[in-house]
Amino acid sequence: EHKVNKSDSSQWKQVRKNMKSVSSKMINHINKVFDPSTGNGQSIPVVAVDLPFQVVREVGSSVMFNGISSLNSNDVNGKDMGSKYPQHKKTLRTLSFAMDTVCRRYKKEVSLFLYSVPCDKYDLITITL
286 EHKVNKSDSS
296 QWKQVRKNMK
306 SVSSKMINHI
316 NKVFDPSTGN
326 GQSIPVVAVD
336 LPFQVVREVG
346 SSVMFNGISS
356 LNSNDVNGKD
366 MGSKYPQHKK
376 TLRTLSFAMD
386 TVCRRYKKEV
396 SLFLYSVPCD
406 KYDLITITL
């Protein structure tokens, strides 16, 4: 059994304060993404792919942190996404072209949904151009 002392209480207050701040930032971001009046009036693009969600999530993370070119370039282990997932190489190449086409319409950043058809799940990503 753990007894709560003053230092635990002050740490907990800091955690709650940080969570409130992060939640507020997240809500503002989501509202900005979904509210057409804050942007250029365009809806959020959806790119549906026939890939497992695990691959979709990895692709999304790679693109957000390293750009679209990361789908065709080598990672720190010397593998590109096509080499990492050889059974999905053609789909990944097509996805790269589709995302490049979508991004050309925007000037600074674009948010889009990557939708995994087989898993019926999506990943919301934001790409800074």
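The numbering used here applies: residue 286 is where the sequence shown begins, and numbers increase by one. Ideal Cβ placement from N, Cα and C applies to all residues, glycine included.
In this structure, the CA atom of residue 400 is about 38 angstroms from the CA atom of residue 298.
Around the C-beta of residue 381, 16 or more other C-beta atoms lie within 10 Å, and the residue is accordingly described as buried. Setting aside the 5 residues that flank it on each side, residue 387 is surrounded in the same chain by 330, 332, 395 and 397, each with a C-beta closer than 8 angstroms to its C-beta; the list follows chain order. Sorting 413, 385 and 408 by C-alpha distance to the C-alpha of residue 336 places 408 at the top.
Taking each of 390, 356 and 383 in turn and checking the Cα distance to residue 374, the smallest one comes out for 356.
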